[in-house]
Amino acid sequence: MELTLGLVCLVAAVGLLVFGIGMQLAERADIRTSLRRVGGYEIQDTRDKELLESLGRRTVAPIWSRLVGFGRRVTPIGYVDNIRAKLNRAGWADSSALDTFLVVKIAGIVLAVIGVFVVLVVLNVGGLLGWLSAGVVAAIFALGPDIVLDRRVESRVYQMKIALPEVLDLLVISVEAGLGFEQALDRVVDNVPGPLTDEFARMLGEVRAGSSRSDAMRAMEKRVDVPEVRSFILAMLQADTFGVSIAKVLRTQADEMRVKRRQLAEEKAQKAPVKMLIPMVFCIFPALFVVVLGPAALDILDAFG
84 MELTLGLVCL VAAVGLLVFG IGMQLAERAD IRTSLRRVGG YEIQDTRDKE
134 LLESLGRRTV APIWSRLVGF GRRVTPIGYV DNIRAKLNRA GWADSSALDT
184 FLVVKIAGIV LAVIGVFVVL VVLNVGGLLG WLSAGVVAAI FALGPDIVLD
234 RRVESRVYQM KIALPEVLDL LVISVEAGLG FEQALDRVVD NVPGPLTDEF
284 ARMLGEVRAG SSRSDAMRAM EKRVDVPEVR SFILAMLQAD TFGVSIAKVL
334 RTQADEMRVK RRQLAEEKAQ KAPVKMLIPM VFCIFPALFV VVLGPAALDI
384 LDAFG
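Heads up: the sequence shown at position 117 corresponds to 200 in the working numbering, and the numbers run straight through without jumps.
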């Protein structure tokens with residue numbers, strides 16, 4: 084009986100202790116939630132301010148900021164500006180995109196060093212094969228982020244070149260129907276998705292934010308850095324300066340861009356035989372030689388054997 088009573092008291096005490104701790108934790112959580120909802124409330128204690136942040140932000144953010152600072156210090160002069168320009172051309176104009184790329188670049192270099200160590204020391208691949216394998220692994224990890232970014236820029240520029248004639252045709256139809264240039268651009272942005280219309284939407288946003296149309300178009304020209312888009316923007320700036328009809332300028336630009344797109348397609352068609360030569364020489368011709376000359380080679384070996 085006494086043992087049972089003691090166990091009951093012990094269980095009750097443990098339950099009360101757990102209940103008290105839970106109530107205290109719930110009260111603290113409610114206080115923190117209320118403090119997050121109160122706008123403009125200033126906390127004097129620095130530790131309480133830090134505890135209001137999430138666990139991921141408190142742990143990852145300091146490491147992330149140090150990696151970004153290290154990446155900015157070790158990169159060559161002009162590399163950061165070049166990467167920023169490429170990120171803008173790739174459509175990643177967010178301020179955190181540059182920091183993310185630098186951290187990925189540092190991680191790639193670290194993985195390249197680890198890969199070389201694994202190939203040469205852990206796997207013990209010796210000779211020329213080992214050094215070639217280590218070089219390939221190091222190149223993949225170290226140059227991978229730059230290659231991906233360059234491919235993204237090339238793909239986006241190509242999409243802009245292809246979409247520009249259709250966009251100009253819609254602009255011509257809209258302007259000739261009586262809309263203004265900005266209203267026509269707004270209509271095109273709503274109906275034609277793509278990277279080019281995204282840049283036009285950003286330009287319209289800058290105009291609505293208070294920038295002049297010429298400044299917004301020059302900023303777009305510098306940001307995009309596509310020859311065809313640059314030609315269109317310069318023509319529009321000259322039309323604004325000299326008072327030329329925008330509809331005529333747009334129609335002329337649409338015809339010119341359509342010709343340039345056809346020339347681009349013809350250029351790619353002319354390059355196709357040259358690009359096909361490499362797989363033909365290294366993949367098709369060896370198999371063809373084996374099929375055609377193999378029996379003759381075997382007969383010659385039998386005859387002289």
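Backbone N, C-alpha and C fix where the C-beta goes; we use that ideal spot for every residue, glycine too. Please read all numbers here as calculations on a predicted model, not as lab measurements.
Exposed or buried, what is V258 when buried is set at 16 or more other beta-carbons lying within 10 Å of its beta-carbon? Within the sequence shown, numbered from 1, the residue matching residue 258 stands at position 175. Answer is buried; the Cβ neighbour count reaches 16.
At a cut of 8 Å, does the region 233-253 reach the region 163-173 through at least three beta carbon pairs? Judged by Cβ distances under 8 Å, the region 233-253 makes contact with the region 163-173, as three or more pairs qualify.
Whole-angstrom distance between F224 and G261, CA atom to CA atom: In the sequence shown, counting from the first residue as 1, residue 261 sits at position 178. In the sequence shown, counting from the first residue as 1, residue 224 sits at position 141. Within the model, the alpha-carbon separation for G261 versus F224 is close to 55 Å.
Pull up the distance between the alpha-carbon of L295 and that of Q266, whole angstroms please. In the sequence shown, residue 295 corresponds to position 212, counting from 1. In the sequence shown, residue 266 corresponds to position 183, counting from 1. Note on residue identity: the sequence assigns Ser, not Leu, to residue 295. Rounded to the nearest angstrom, the two C-alpha atoms are 15 Å apart.
Pick helix, strand or coil for S314, following the three-state DSSP scheme. Position 231 of the sequence shown, counting from 1, holds the residue named residue 314. In this structure, S314 counts as helix in the three-state DSSP scheme.
Tell me the rounded alpha-carbon separation between V201 and N207. Here residue 201 refers to the residue found at position 118 when the sequence shown is read from its first residue. Here residue 207 refers to the residue found at position 124 when the sequence shown is read from its first residue. Approximately 8 Å between the Cα atoms of the pair.
Proximity below 7 Å, CB of F315 to CB of Q336: Start at 1 with the first residue of the sequence shown, and residue 315 comes out as number 232. Start at 1 with the first residue of the sequence shown, and residue 336 comes out as number 253. If you check the CB distance, F315 and Q336 come in under 7 Å.
Taking the alpha carbon of V186 as the reference point, which residue from L381, G213 and D229 has its own alpha carbon closest? As a first step, residue 186 must be located in the sequence shown, where it is residue number 103. For V186, the nearest C-alpha among the options comes from D229.
Secondary structure of T183, DSSP reduced to three states: Locating residue 183 in the sequence shown gives position 100, counting from the first residue. The DSSP-derived three-state label of T183 is helix.
Pairing CB atoms from the region 244-255 with CB atoms from the region 319-338, are three or more of them under 8 Å? Note that the region 244-255 touches the region 319-338; at least 3 beta-carbon pairs, one per stretch, sit closer than 8 Å.
I'd like to know whether the C-beta atoms of A299 and V290 end up nearer to each other than 7 Å. Counting from 1 along the sequence shown, the entry for residue 299 is found at position 216. Counting from 1 along the sequence shown, the entry for residue 290 is found at position 207. Cβ distance < 7 Å, so A299 and V290 count as in contact.
Determine the burial state of T324: buried for a count of at least 16 other Cβ atoms within 10 Å of its Cβ, exposed for fewer. For the purposes of this step, residue 324 is taken as residue 241 along the sequence shown, with counting starting at 1. Result: exposed.
Just mark P159 as buried or exposed, buried being the case when its beta carbon has 16 or more other beta carbons within 10 Å. Here residue 159 is taken as the residue at index 76 of the sequence shown, counted from 1. By the neighbour-count criterion, in which 16 or more other beta carbons inside 10 Å mark a residue as buried, P159 falls on the exposed side.
Considering only their Cβ atoms, is the gap separating Q242 from P395 smaller than 7 Å? Nothing about residue 395 can be read from this structure; the chain reaches only from 84 to 388.
Could you tell me if L376 is buried or exposed, where buried requires 16 or more neighbouring beta carbons within 10 angstroms of its beta carbon? Translated into the one-based positions of the sequence shown, residue 376 becomes position 293. So L376 ends up on the exposed side.
Label E350 either buried or exposed according to how many other C-beta atoms from any shown protein chain fall within 10 Å of its C-beta, with 16 as the threshold for buried. By 1-based counting over the sequence shown, the position of residue 350 is 267. Burial call: exposed.
Whose C-alpha, out of I189, S297, E282 and A330, is nearest the C-alpha of G174? Within the sequence shown, the letter at position 91 stands for residue 174. From the listed residues I189, S297, E282 and A330, the smallest Cα separation to G174 is found for E282.
I believe V309 touches M319 by the beta-carbon criterion, under 8 Å. Please report the beta-carbon distance rounded to the nearest angstrom. The residue labelled residue 309 in the question sits at position 226 within the sequence shown. The residue labelled residue 319 in the question sits at position 236 within the sequence shown. Between M319 and V309 the Cβ distance is about 15 Å, and since that is not below 8 Å, they are no contact.
Consult DSSP for L206 and reduce its assignment to one of helix, strand or coil. By 1-based counting over the sequence shown, the position of residue 206 is 123. In this structure, L206 counts as coil in the three-state DSSP scheme.
Below 7 Å between beta carbons: does that hold for R199 and A221? Locating residue 199 in the sequence shown gives position 116, counting from the first residue. Locating residue 221 in the sequence shown gives position 138, counting from the first residue. It should be noted that the sequence gives Val, not Arg, for residue 199. With respect to A221, V199 sits close: the two C-beta atoms are nearer than 7 Å.
Nearest to R285 by CA position, among A370, D177 and K358, is which residue? For the purposes of this step, residue 285 is taken as residue 202 along the sequence shown, with counting starting at 1. Here the closest residue by C-alpha is D177.
Endpoints, alpha helix (DSSP H) assigned at G288: Your numbering for residue 288 matches position 205 in the sequence shown. Run containing G288: P278 to R291, per the alpha helix (DSSP H) assignment.
Work out the CA separation of K343 and G293 for me, nearest whole Å. The residue labelled residue 293 in the question sits at position 210 within the sequence shown. The residue labelled residue 343 in the question sits at position 260 within the sequence shown. Spanning the two alpha carbons is a distance of roughly 34 Å.
By the 10 Å Cβ neighbour count, where 16 or more other Cβ atoms means buried, how is F184 classified, buried or exposed? Taking the first residue of the sequence shown as position 1, residue 184 is located at position 101. Buried, since its Cβ has 16 or more Cβ neighbours within 10 Å.
What whole-angstrom Cβ distance do D269 and L287 have, given they're in contact under 8 Å? In the sequence shown, the residue the question calls residue 269 occupies position 186. In the sequence shown, the residue the question calls residue 287 occupies position 204. Confirmed, Cβ separation roughly 6 Å.
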